[in-house]
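There are 2 protein chains.
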Amino acid sequence: MAVNLRAPDPAQLHPVAGVELGVAMAGVRKANRKDLMVMRLVPGSSVAGVFTKNRFCAAPVLLAKKHLRNPVRALVVNTGNANAGTGSDGMRRALAVCSSAAAELGCRPGQILPFSTGVIMEPLPVDRIVAGLPQAIADLRADNWFSAAEAIMTTDTVPKAASVQVQLSSGRATITGIAKGAGMIRPDMATMLGFVATDAMVARGLLQRLTKAAADQSFNAITVDGDTSTNDAFVCLATGKGPVARSVKDLKTLGTALTEVAQQLAQAIVRDGEGATKFVTVRVERGRSAADCRKVAYAIAHSPLVKTAFFASDPNLGRILAAIGYADVAGLDTSKVDLYLDEVLVAKGGGRHAGYREDQGLAAMKKPEFTVRAVLNRGKAVATVWTCDLSFDYVKINAEYRS
Amino acid sequence: MAVNLRAPDPAQLHPVAGVELGVAMAGVRKANRKDLMVMRLVPGSSVAGVFTKNRFCAAPVLLAKKHLRNPVRALVVNTGNANAGTGSDGMRRALAVCSSAAAELGCRPGQILPFSTGVIMEPLPVDRIVAGLPQAIADLRADNWFSAAEAIMTTDTVPKAASVQVQLSSGRATITGIAKGAGMIRPDMATMLGFVATDAMVARGLLQRLTKAAADQSFNAITVDGDTSTNDAFVCLATGKGPVARSVKDLKTLGTALTEVAQQLAQAIVRDGEGATKFVTVRVERGRSAADCRKVAYAIAHSPLVKTAFFASDPNLGRILAAIGYADVAGLDTSKVDLYLDEVLVAKGGGRHAGYREDQGLAAMKKPEFTVRAVLNRGKAVATVWTCDLSFDYVKINAEYRS
Chain U
16 MAVNLRAPDP AQLHPVAGVE LGVAMAGVRK ANRKDLMVMR LVPGSSVAGV FTKNRFCAAP
76 VLLAKKHLRN PVRALVVNTG NANAGTGSDG MRRALAVCSS AAAELGCRPG QILPFSTGVI
136 MEPLPVDRIV AGLPQAIADL RADNWFSAAE AIMTTDTVPK AASVQVQLSS GRATITGIAK
196 GAGMIRPDMA TMLGFVATDA MVARGLLQRL TKAAADQSFN AITVDGDTST NDAFVCLATG
256 KGPVARSVKD LKTLGTALTE VAQQLAQAIV RDGEGATKFV TVRVERGRSA ADCRKVAYAI
316 AHSPLVKTAF FASDPNLGRI LAAIGYADVA GLDTSKVDLY LDEVLVAKGG GRHAGYREDQ
376 GLAAMKKPEF TVRAVLNRGK AVATVWTCDL SFDYVKINAE YRS
Chain Z
16 MAVNLRAPDP AQLHPVAGVE LGVAMAGVRK ANRKDLMVMR LVPGSSVAGV FTKNRFCAAP
76 VLLAKKHLRN PVRALVVNTG NANAGTGSDG MRRALAVCSS AAAELGCRPG QILPFSTGVI
136 MEPLPVDRIV AGLPQAIADL RADNWFSAAE AIMTTDTVPK AASVQVQLSS GRATITGIAK
196 GAGMIRPDMA TMLGFVATDA MVARGLLQRL TKAAADQSFN AITVDGDTST NDAFVCLATG
256 KGPVARSVKD LKTLGTALTE VAQQLAQAIV RDGEGATKFV TVRVERGRSA ADCRKVAYAI
316 AHSPLVKTAF FASDPNLGRI LAAIGYADVA GLDTSKVDLY LDEVLVAKGG GRHAGYREDQ
376 GLAAMKKPEF TVRAVLNRGK AVATVWTCDL SFDYVKINAE YRS
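Sequences listed follow chains U and Z, in order. Position in the first sequence (from 1) plus 15 gives the number in our numbering. Position in the second sequence (from 1) plus 15 gives the number in our numbering.
As structure tokens, this is what we get:
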């Protein structure tokens, strides 16, 4: 039921010089499906990441954060088991995977970033993953991005990848990425993972800033159900095999491109949201601060009432106004709030717009994609959040998962 | 589908000396249903209230808060229309209802507390309400609590009322109350209203404190979907026709009784929650502060993932741990967290308890009522929240409302 989302064309996923990807069927949870992915980086690559803020941080996330300080040589990603809520035994198992991958790849365990996604509170089947590593490593190729996108899927219905090329002052840079996630939630708040690579040469500190900025405008600006996974991670890497990005202009160009790829991936996750039938952009304008705008946008995007109204194509605008009202924005004057569905002005000055007719709202909401725009009229800040509706299938999928 | 909830026995609802109630079929939104209720108070009554924090506060709520400063003589409650999101015109209409009721009852408009619940962003049909007032006033009787409970229902499936009597030092006091709400949400985050009366004599300032304390342990401790209505109100009134409550002991006894009635009413709202099939008590213990415990309890109670697991009777404990992890409690050490389903220890020290078997969790969750108990092991504070599951019917009800 993904909303306007198709699998990417493998031919459009540009290889990134210095990155090779390989996959295997390791049988982590089910047989005969790609569930193990290795991404090998050329020595000297810069790697940056942002990770879940959930305090029940999964073992692989803790290790990946730690290993990020070292010169990273490879990422190892398994699906089928999240190795979360597994305590010190989980740490041992994640380390065992790193050790095995390091031995195969000829580096130190601390140079491997491990990622896991899938069911939680079950022991990671290290033996099967270790047994699958040689197959994944034998499969390492630069033009293997599509297969890698497939290998990190859990309950995603569509593999997610995006690729762009941009002109820097010393040449053309490639940015290619993959992601997984079908609403942050299944299986078990099951993690968004995003991996984006560029061949540009960027110092690690700068890359971390670009990564954080890209995440804030992509993976940190989507919500399906408000649940924050124990395993979420977004990692950017720059191999330095292509043009140097050093000037302010180059860094801006590269940052914009990273953000674009990250947005495509993040939006694909929402489009593939569990049970999603609508893809909704929530834009809040003229707030006093971006933080205030985000509060309002998330209040709208998280409200089960608003989301069921999206599902029903019911322009039940009071629900949206009510969500704005409880967004906890200090000093918000609701009598100044305007509300639009796409270009239709539905509420003006905090109340129903005199010229608004419900069939206009209905026409906007019947589309598979539309924008809810709240104008607070108290400043110059803006924020955008992408979300989906709450449908019967969301409940069905999450009630029946594991059974 | 209310969970273990039956209509109260009218004979068990003790009249409160100094309070009379009358109802009418005013045709506010639909014909032939009780939709207007007047509660007349004897002069000299103390009245206290707590109201929604939603910044899109409905017109009647704004007026009720203002009129609370005056010697209140009556409450006028209509269902069918919330008079919310209606701007200055809504204020005029709410005032018109007060003026008309005041003329009928022989007092000033500022002595009437108006309450409205129902659809929002539609003009309040003042004419029909005004036309219904004489009928409601003619119906005023002390033993009319059950009928009053029926008259304030919107999509509630069961009228909600509770009544207790307690011994104070100078005699027996009666506390009787009614409430409406079926999950804070339908129709349109449709308001919880609670009205509790006692014949005890309590000064207004003290009554306000007792009311706030009772609300914090009842209406402020329930959630169906996290949406905060524009119209929520909880009003307590003390007629002074019965025993005086002045000593610390008497006030404590009375406060406990008020809280008990408020809890019964608030829990009835959750039991009647839209689509609810389970009534779940979430108790968080040994936190550093009550506020921290409430954060954790609400994170669990609001998580759509946790709530669909409740619906499915799926002891998917990772979802609960994950919710605890993102509850934003500063310095929370997840490795100290224990988790129980009723008496079954399922997670110990942040991970699955070695002795836990899933059939134990399943047995606990299959019951229509159970307790999720998280022990943070970092202090002495506790908090309790009541909630229900998220079912197919929740989506159905909210997607189809208005259609």
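Beta carbons are placed, not taken as given, at the ideal position from N, Cα and C, and that holds for glycine. Predicted model only: the values in this text are computed from it and were never measured.
Task: Short Cβ contact (8 Å threshold) for GLY186(U) with GLY257(U) - done: yes
- [ ] Kindly list, in the order they appear in chain U, the residues whose Cβ is closer than 9 Å to that of ILE237(Z).
- [x] Here the premise fails: no neighbours, minimum Cβ distance about 15 Å.
Task: Contact set for GLY302(Z): own chain, Cβ-Cβ below 6 Å, skip 5 residues either direction - done: CYS308, LEU391, GLY394, ALA396
Task: Contact set between the stretch 79-108 of chain Z and chain U, restricted to residues whose Cβ is under 7 Å from the partner - done: ALA99, GLY100, THR101, GLY102
TODO: Within the same chain, show all residues whose beta-carbon is closer than 7 Å to that of LYS381(U), passing over the 5 residues directly before and after it, in chain order.
DONE: SER328
Task: Whole-angstrom distance between LYS411(Z) and ALA146(Z), CA atom to CA atom - done: 35 Å
Task: Whole-number beta carbon distance between THR189(U) and VAL31(U), since they are thought to touch under 8 Å - done: 5 Å
- [ ] For the alpha helix (DSSP H) containing GLN27(Z), list its first residue and its last residue.
- [x] Unbroken run through GLN27(Z): none, as it is neither H nor E.
Task: ASP353(U), enclosing beta strand (DSSP E) - first and last residue - done: 353-356
TODO: Report the residues of the stretch 349-383 of chain U with a CB closer than 9 Å to any CB of chain Z, ordered along the chain.
DONE: THR349, SER350, VAL352, ALA362, GLY364, GLY365, GLY366, ARG367
- [ ] Pair every Cβ in the stretch 69-85 of chain U with every Cβ in the stretch 97-109 of chain U, then say whether three or more of these pairs are closer than 8 Å.
- [x] yes
Task: Proximal chain U residues relative to ASN47(Z), where beta-carbon distance stays under 9 Å - done: By Cβ distance, chain U contributes nothing, its closest Cβ being about 26 Å from ASN47(Z), past 9 Å.
Open item on the list: Could you check whether PRO129(Z) and ALA109(Z) sit closer than 8 Å to each other, using their CB atoms as the reference points?
Closed with: yes
Task: Nearest residue (CA-CA) to VAL92(Z), options ARG107(Z), GLY121(Z), ARG55(Z) - done: ARG55(Z)
Open item on the list: Suppose the cutoff is 6 Å on Cβ atoms and the five residues either side in sequence are ignored; what does the same chain contact list for MET106(Z) look like?
Closed with: ALA74
Task: Per-residue burial, SER184(U) [other beta carbons within 10 Å of its own, 16 or more giving buried] - done: exposed
Open item on the list: Tell me whether the stretch 266-280 of chain U and the stretch 362-370 of chain U touch, counting them as touching only if at least three CB pairs, one residue from each stretch, are closer than 8 Å.
Closed with: no
Open item on the list: Let's see if you can read the secondary structure: which residues bound the alpha helix (DSSP H) around GLY376(Z)?
Closed with: 373-381
Open item on the list: Check whether chain U comes within 8 Å of GLY186(Z), counting only Cβ atoms and requiring the distance to be less than that.
Closed with: no
- [ ] Tell me, to the nearest whole angstrom, how far the beta carbon of ALA176(Z) is from that of PHE161(Z); I am working on the premise that it is less than 8 Å.
- [x] 6 Å
TODO: Can you say whether THR292(U) is buried or exposed, counting buried as having 16 or more other CB atoms within 10 angstroms of its CB?
DONE: buried
- [ ] Measure the C-alpha to C-alpha separation of ASP171(Z) and GLN126(Z) and round it to an integer number of angstroms.
- [x] 29 Å
Open item on the list: If the cut-off is 8 Å on Cβ atoms, which residues from the stretch 385-411 of chain U count as contacting chain Z, listed in chain order?
Closed with: LEU405, SER406, PHE407, TYR409, VAL410, LYS411
Open item on the list: So for ILE315(Z), helix, strand or coil by DSSP?
Closed with: helix
Open item on the list: Using beta carbons (cut-off 8 Å, strictly below), is VAL18(Z) in contact with chain U?
Closed with: no
- [ ] Determine, using beta carbons only, whether ILE193(Z) and ALA236(Z) come nearer to each other than 8 Å.
- [x] no
- [ ] Look at SER4(U) and ALA277(U) and say whether their C-beta atoms are less than 8 Å apart.
- [x] In the structure as shown, chain U starts at 16 and stops at 418, and residue 4(U) therefore has no counterpart that could be examined.
Open item on the list: Which residues does DSSP list as the beta-bridge partners of PRO5(U)?
Closed with: The requested residue 5(U) does not occur in the structure, where chain U is confined to residues 16 to 418.
Task: Burial state of GLU165(Z) (16 or more Cβ within 10 Å) - done: buried
Open item on the list: the ligand PLP and ALA73(U): does any heavy atom of the ligand fall closer than 7 Å to the residue's C-beta?
Closed with: Within the structure as shown, the ligand PLP is missing, as the structure has no ligands at all.
TODO: Pair every Cβ in the stretch 331-349 of chain Z with every Cβ in the stretch 282-289 of chain Z, then say whether three or more of these pairs are closer than 8 Å.
DONE: no
Open item on the list: Rounding to the nearest angstrom, what Cα-Cα distance links ASP14(Z) and ILE284(Z) in this structure?
Closed with: This structure does not reach residue 14(Z), given that chain Z is present from 16 up to 418, and the question cannot be answered.
Open item on the list: Quick check: is the beta carbon of PHE71(U) nearer than 8 Å to any beta carbon in chain Z?
Closed with: yes
Task: Local conformation of ARG261(Z) per DSSP, three classes - done: coil
Open item on the list: Tell me which residue opens and which closes the beta strand (DSSP E) that GLU35(U) is part of.
Closed with: 34-39
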